[in-house]
Every structure is written in structure tokens, then in C-alpha cells.
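What follows is a set of notes on a single structure, which appears directly below.
There are 2 protein chains.
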Amino acid sequence: MVSIKDIAKKAGVSISTVSYALNGSSKVTDETRSKILAIAKELNYVPNAAARSLKKRESRIIGVFLTDFKGDVYGDLLDGMKEVCNAQGYDLIVCSGKQAHRMLPERMIDGAIILDHAFTNAELLKYAERNHKIVVLDRELEHPNINQVLLDNKAGATLATEFLVEQGHKKIYIVTGPDDSFDSIQRMKAVKMVADRTEDVEWIEIPGDFKKSGGERAAERVIGEYTGPAAVFCLNDEMAIGFCNRLAETDYRIGEHVHLIGFDNIELTSYMQPRLATINYSKRKWGALASEQLIKILSGEEVEHERIYVTLIKGESVGKSARQVNVAR
Amino acid sequence: MVSIKDIAKKAGVSISTVSYALNGSSKVTDETRSKILAIAKELNYVPNAAARSLKKRESRIIGVFLTDFKGDVYGDLLDGMKEVCNAQGYDLIVCSGKQAHRMLPERMIDGAIILDHAFTNAELLKYAERNHKIVVLDRELEHPNINQVLLDNKAGATLATEFLVEQGHKKIYIVTGPDDSFDSIQRMKAVKMVADRTEDVEWIEIPGDFKKSGGERAAERVIGEYTGPAAVFCLNDEMAIGFCNRLAETDYRIGEHVHLIGFDNIELTSYMQPRLATINYSKRKWGALASEQLIKILSGEEVEHERIYVTLIKGESVGKSARQVNVAR
DNA sequence: TTGTAGGCGTTATCAC
DNA sequence: GTGATAACGCCTACAA
């Protein structure tokens, strides 16, 4: 490995002069600088990240932690993060799995963005307490070194639920996510609030898993007990897709016999026939904001928690209730 | 930051004793070891990755480089990589974008797995020449420090093409990937070889992009010049999905008017109606093998290039040509 | 403008 | 078994 020492030797100067030259310090002659740079290039010199991190006590790397590498939501989210990171001179690395957690306490990364329930609150608070900087996207957690950038789950679930009610549906299924999912819990809370203030509607909860398979199982249940038009709110799009696919094998039609709405507006939904109604938000912006907030904390700035707003996308997968249509006639 | 020096002071021993104790050396009393470990825990000691990397000249981290974070192929692939890495005491980080390339020469990672055309061959050879270890999944590149783990693109494309021919189709469209994609070029070569030895078939190439939008555009073209049943080989599944979705807006039916086959067998295809015919291979195995090979090179082992084998999945998206059915009657 | 020297946190080679 | 001590490659007062 070629180090500044080798350059110094070859250039006949001291290592500090080399360091100054390489770092663009003004306290070095243009002449010596260019000589040093030439030699550095000639020797294929590349600075050693470990040595620099050790000395400067920062790595200029931000880590984002995901539960797994699957999942359609992540593409734009990560792109948004990377864009902001790179613009600010940081690199972004994506990690997954318990083993990788060490990167934060061992200071391989300067800060972490968390979207992974494999991190417990206790663990995150422990790191925060030791002065590591963290942004959480998947929970509420209060600490001076932790910033929250959360989706407005309640608003989204409220929009979706009210939409179904407004369309006149009287039997509404809710397909939930995993029990420990913050998103699922939040969305469910909002659904219940709407349910509490709505009369004449039958509410049925089906436990799901935020995966396609959960949507398929839900579809089977809905088909099994079908008595007339029903509405279904899958708490994420992935389950809605599974639901659709299972239903496509039957004679029931989405938007006619079964009215379906999802949550997330993942890319694929725009390709579905009929277009899936869902809750939209900018994944890119979410990621970008998360990175921004983290970098601000890293620079010692004070930041407030942030919220990502959502909108309703009306798709043909939800039509007016037949009953209501009859009434209108 | 608490270092071994702090532990040494508190335990009344030297830093070398602490280091030995922490690293499980046998040359330290059980008594002193347990005392040291207790103090380490008490002080919340965490080793510093940069210092260790600097000294040991390795980071125990492997980096995988992707063109972008989207793409349905990546989930299982990355999981396969991670599994092997973790089992061997390495961590896996996912990187994207030109800025992140520096991680390799700066020795932040011990080796790289490349699936990203933002790396030029020249760049990779330069790194290999400087003794960095690399596994490539997306090109042929010969160097002692570079190992190839490539998909058997030619076999896959041959299987797909021959399947269409066997089913009696006489007008076959090929929707390609980007010009600079190794996969696209390889697959296309195989198609041409089949075409050269097949008579009475009209071959039509449509330039695509490996994305859904490319499939949609292709569908429009096929619809526009429709005169009778046609077969389409989309060189990846993502385009096939775009193709299907566009066609779903018309009265043409997949498997009847248009016969469609893809490549990759991404998860979603199994949910499609009708089931998409495609070329299958184990993404998890591909990733696992890539990691294995890289770790072997890192340990100084000699390795041969590897190949990932593929199989044909017959789906209802490809039926017999109507013409042939007539002949058979 | 350049050089000297100390230190970042670890590991590893010596002595004792 | 334990303790000095010298690296690893880089940065940065401070001195010259």
C-alpha cells in the first residue's frame, strides 16, 4: 500500500507537506503542490479510509438499516437518501441483519437511518445515549440524538377509510400488517376512530403480514364468506396485489363485487387493471428528508421531527356501493 | 469514546493485557480476563472499527455495487449474499452510485461484488491490478484478482426462443435491453443463433430498456402492426409485465393473440394471470455463490469462474400457435 | 513555506 | 502471564 510517506520520500519533502498539499492547504507552494500531486498520481496513491476515520473521528458514511432487501417501497426511498447524502459529501450504505448493527457503535458510520424492527427501542436509545446520531422512520422515539421522520399514517388510513364509507360501503374488511409494525398499528388506530363515529357499517379485521401471501389469504376469506358487495382496505399495497391476484382466479371482479384500496402507492399499482385506489406519498422525499435531518444533527444543528404527508389516489378498484347506486336511481 | 486505555487504567493493568483478554488469548489468567471483561462491559466499551482496520489491514466488510436500488431481481440475490457473508464473519453493505466506488481503493471494504455498469472494465482492472479482490456478475473480465459468476444467459435465451419455435409460432418479436447491457447482448446472441438455424419464422427486434416502460412501448408497437397471432420474447420479466399491462387495456389476450415469454422469473410473475412463461434461476444461489467466491479469493484460495444454470418455466402465457393447431386437426 | 512530533485506538513483538 | 513499545496511515499544532 502506498502512503503519504512514500510520496514524501520520492518528493524529498516531509509527510506533513504532502498532507497539506493533498488537502489543498494554502500553506504550500504551488510548485511543491503540483510536484506532490504528480507523484501521488504516478504512485497511484489513494488515501486510507481507516486511517482518516481514526484521526478525524468521522467516516463521512451514513448507514440505512432495512429489515430485508425485498420490498417494493425501498427503491425511490433509497434513491432519495443517496441523492442528499452524496450532495453533502456523504456516502450511503445499505445494511440489513442483526450482525450489521455493530457498524454504528463501532463508528464505521457517522449516523444511522432506521427502518427495521430488528432494532429495539432500547438498543437505539442506548446508542443515542452514547452520542450516536439516529433518524427513525418506523417508530416514535424521543431523544436529543434521535430525530423522527414519520409517515402520516393516521391521515392516510383516515382518508382511505372515509373514502370507502363515502362510497356507501356497508361491509368493510381491514387487512392488517404484522402485530409489531408501527405502520400497521397507527393505520389501524385511525381506522378504528373512523369506525367509532360511523354507523351502519360492519367492520371486520383480518390479520395480515404486509406481504402478498397475506393478501391472498385475506382474499380467500372474503370469497369464502361472500354474501354481497364488500369493501377491503389492505393496510399496504403489497397485500392488495396478493388480494387481486387471488381474486383474479375467481369470477369476482375488483371494483364491482369487491372494492379494494391499498396504502403506499408502489410503482406496480399504476399498472394494475383496474387501477388500485391507494394512499400516496413521495418515497423519494421521505428518504431525502431523512438524510437531510441526519446530516443536520451530525453538523450539530437542532432539528424538529418531520412528517411526510399523504394523499388519496382514487382508482377504479373502488366503486360506489351497488346499494347506494340503487338508492340514487 | 472509551478505549482499551481507559479499561487498562481502571483495571490497573496494561493495554496489551486488555487487548489479549478482549481477543480471547490464552496467555491471560481467567481471573484477570473476567475482571477486564467486567470493566469493559461496565464502561460500555466498543472496539473502534477504524483503528482495527488500520492495524489489521482488513475491515471484514464486503461491498456489493448495484446500478440502482430499484429492480425486483435484487431481493433474493442480496439475501443470498448476506447469508454467506455473515456465516463467514463478514458484513455486507450495499452501495450504489459513482461516489461510492472509492470504498474499494480506500480499503473501507475488503472486496467488491459488481452488478453495475457504472464500473468500467478499465476501472475494475485497475483495482484488480492494485490487488483488490472483485467478483463480477455482469461481464466477462479476466484477471487473477477477478472472479466471474455469470448467469447462463445463452442457455436461457436459447430455451426461451426454442420454446416459442416449438410451439409453432412464425412471427416472433424480441424486446431487447439497453445496448450496453451484458445480459441483453448475450441473450440476443443466443436468439440470433436459434434464428439462423430456423426457417419460416419472421424475427423482429424491438429495442427495449429492461424496464416496464419498455415493455409498454413494445406492446403498442405489436398492437399497432397486429395481423394475426404473434409471439414475443421480452429479454427480462420486468418488460414482460409492462407488456402485459399495456395489452390488458386492449381486447388482445396473452396466450391467445399474443404469446409472451420473459426472463428472470421474478416473484411477481407467479402471480400473473395467465402465468408468465419465463426463464428461471436461483437468485439466492447466485448471490450466495458470488459471496463464497469472493471470500475464497480473500483467503488466498484459487477459484474457477462459476456459472448459474437456468431452466424454462412454461406458463400459460405461451400457447400453441393457432396455425399449428389447425395443422394438427 | 516546510519540518518535527505527537496522537487517534488497536494489535503484535518483544522483553521481563 | 504481563507490560513496554512500536507500528498501522493520517492529521495538525507548533517550531523552525
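Respectively, the protein sequence lines represent chains Y and X. Quick note, the first sequence lines up with residues 1 to 329 if you use UniProt numbering. Quick note, the second sequence lines up with residues 1 to 329 if you use UniProt numbering. Built from N, CA and C at the ideal position, the CB exists for glycine as well.
Can you give me, in chain order, the residues of the stretch 226-248 of chain X that have a beta carbon less than 9 Å from any beta carbon in chain Y? ILE241, GLY242, CYS244, ASN245, ARG246, ALA248
Does the stretch 247-260 of chain X come close enough to the stretch 306-321 of chain X that 3 or more CB-CB pairs lie under 8 Å? yes
From what residue to what residue does the beta strand (DSSP E) around ASP91 (chain Y) run? 91-96
What is the DSSP secondary structure of ASN236 (chain Y), reduced to helix, strand or coil? coil
Please name the residues in the UniProt domain "HTH lacI-type" (2-56) of chain X whose beta-carbon is closer than 7 Å to at least one beta-carbon of chain Y, in chain order. ASN44, VAL46, PRO47, ASN48, ALA49, ALA50, ALA51, SER53, LEU54
With distances taken from CA atoms, which of Y:TYR74, Y:TYR90, Y:THR67, Y:GLY80 is nearest LYS98 (chain Y)? Taking the Cα of LYS98 (chain Y) as reference, the smallest distance to any Cα among Y:TYR74, Y:TYR90, Y:THR67, Y:GLY80 is reached at Y:THR67.
Straight-line gap, LEU78 (chain X) to PHE69 (chain Y) (C-alpha atoms, nearest Å): 7 Å
Quick one: grab the DSSP three-state call for LEU150 (chain Y). Of the three classes helix, strand and coil, the one that applies to LEU150 (chain Y) here is strand, per DSSP.
Any C-beta of chain X under 9 Å from that of ASN86 (chain Y): So, interface residue.
I'd like the span of the beta strand (DSSP E) that includes GLY111 (chain X), first residue to last. 111-115
So which residues of chain X does SER96 (chain Y) contact, with C-beta pairs closer than 9 Å? LEU78, ASP79, LYS82, LEU92, VAL94
Using the rule of at least 16 other Cβ atoms within 10 Å of the residue's Cβ for burial, across every protein chain shown, is ARG217 (chain X) buried or exposed? buried
Cβ-based burial, GLY12 (chain X) [other Cβ within 10 Å; buried from 16]: Taking a 10 Å sphere around the C-beta of GLY12 (chain X), we find fewer than 16 other C-beta atoms and assign the residue as exposed.
Quick check on DSSP: helix, strand or coil for VAL13 (chain Y)? coil
From the beta carbon of SER291 (chain X), is the nearest beta carbon of chain Y less than 9 Å away? Not an interface residue.
Identity of the residue in X:GLU140, X:GLU162, X:ARG130, X:GLU129 nearest ALA190 (chain X) by Cα: X:GLU162
For residue 340 (chain Y), count neighbouring C-beta atoms within 10 Å of its own C-beta (all shown protein chains included) and say buried if the count is 16 or more, exposed if not. Here chain Y comprises residues numbered 1 to 329, so residue 340 (chain Y) is not present and cannot be evaluated.
Are three or more beta carbon pairs between the stretch 230-247 of chain Y and the stretch 175-193 of chain Y nearer than 8 Å? Contact between the stretch 230-247 of chain Y and the stretch 175-193 of chain Y is present, because at least three Cβ pairs lie under 8 Å.
Please report how far the alpha carbon of ALA128 (chain X) lies from the alpha carbon of ALA118 (chain X), in whole angstroms. 16 Å
Whole angstroms are fine: how far does the CA of VAL165 (chain Y) sit from the CA of GLN324 (chain Y)? Below a pLDDT of 50, predicted positions are generally treated as unreliable, and GLN324 (chain Y), at 45, falls in that range; the measurement from the model is reported next regardless. Spanning the two alpha carbons is a distance of roughly 11 Å.
When burial is assigned at 16 or more other CB atoms within 10 Å of the CB, is SER53 (chain X) buried or exposed? buried
Taking any Cβ of chain X, which residues in the stretch 260-272 of chain Y have a Cβ under 7 Å from it, in chain order? Answer set for the stretch 260-272 of chain Y: TYR271.
Chain Y within 9 Å of GLN148 (chain X), Cβ atoms only: With a threshold of 9 Å between beta carbons, GLN148 (chain X) makes no contact with chain Y.
Hey, could you find the ends of the alpha helix (DSSP H) ILE295 (chain Y) is sitting in? Taken as a continuous stretch (DSSP letters only), the alpha helix (DSSP H) holding ILE295 (chain Y) covers 283-298.
TYR74 (chain Y) in three-state terms, based on DSSP: helix
Pull the bridge partners of TYR173 (chain Y) from the DSSP assignment, please. Y:ILE204, Y:VAL232
Measuring alpha carbon to alpha carbon, tell me which residue in Y:GLU123, Y:PRO274, Y:LYS55, Y:LYS212 is nearest ASN48 (chain X). Among Y:GLU123, Y:PRO274, Y:LYS55, Y:LYS212, the Cα nearest to that of ASN48 (chain X) belongs to Y:LYS55.
Less than 9 Å between CB atoms is the rule here; does LYS70 (chain Y) satisfy it with respect to chain X? True, the Cβ-Cβ gap to chain X drops below 9 Å.
Determine which residues share a DSSP beta bridge with residue 377 (chain Y) and list them. In the structure as shown, chain Y begins at 1 and stops at 329. Residue 377 (chain Y) is therefore absent and cannot be evaluated.
Between the Cα of TYR271 (chain X) and those of Y:THR311, Y:LYS212, Y:HIS259, spot the shortest distance and give me the residue it belongs to. Y:LYS212
Look at the alpha carbon of ILE61 (chain Y) and the alpha carbon of LEU92 (chain X), and state the distance between them as a whole number of angstroms. 15 Å
Does chain Y have any CB closer than 9 Å to the CB of VAL327 (chain X)? Since pLDDT at VAL327 (chain X) reaches only 39, below the 50 mark, its modelled position is unreliable, and the value read off the structure follows with that caveat. Not closer than 9 Å to any Cβ of chain Y, the Cβ of VAL327 (chain X) fails to qualify, so no.
From what residue to what residue does the beta strand (DSSP E) around ARG107 (chain X) run? ARG107 (chain X) -> no beta strand (DSSP E), and no H or E assigned at all.
Within the 9 Å Cβ cut-off, does GLY214 (chain X) reach chain Y? no
Quick check on the burial criterion: 16 or more other C-beta atoms within 10 angstroms. Buried or exposed for ASP116 (chain X)? buried
In terms of DSSP beta bridges, what is ARG307 (chain Y) paired with? Y:LEU150
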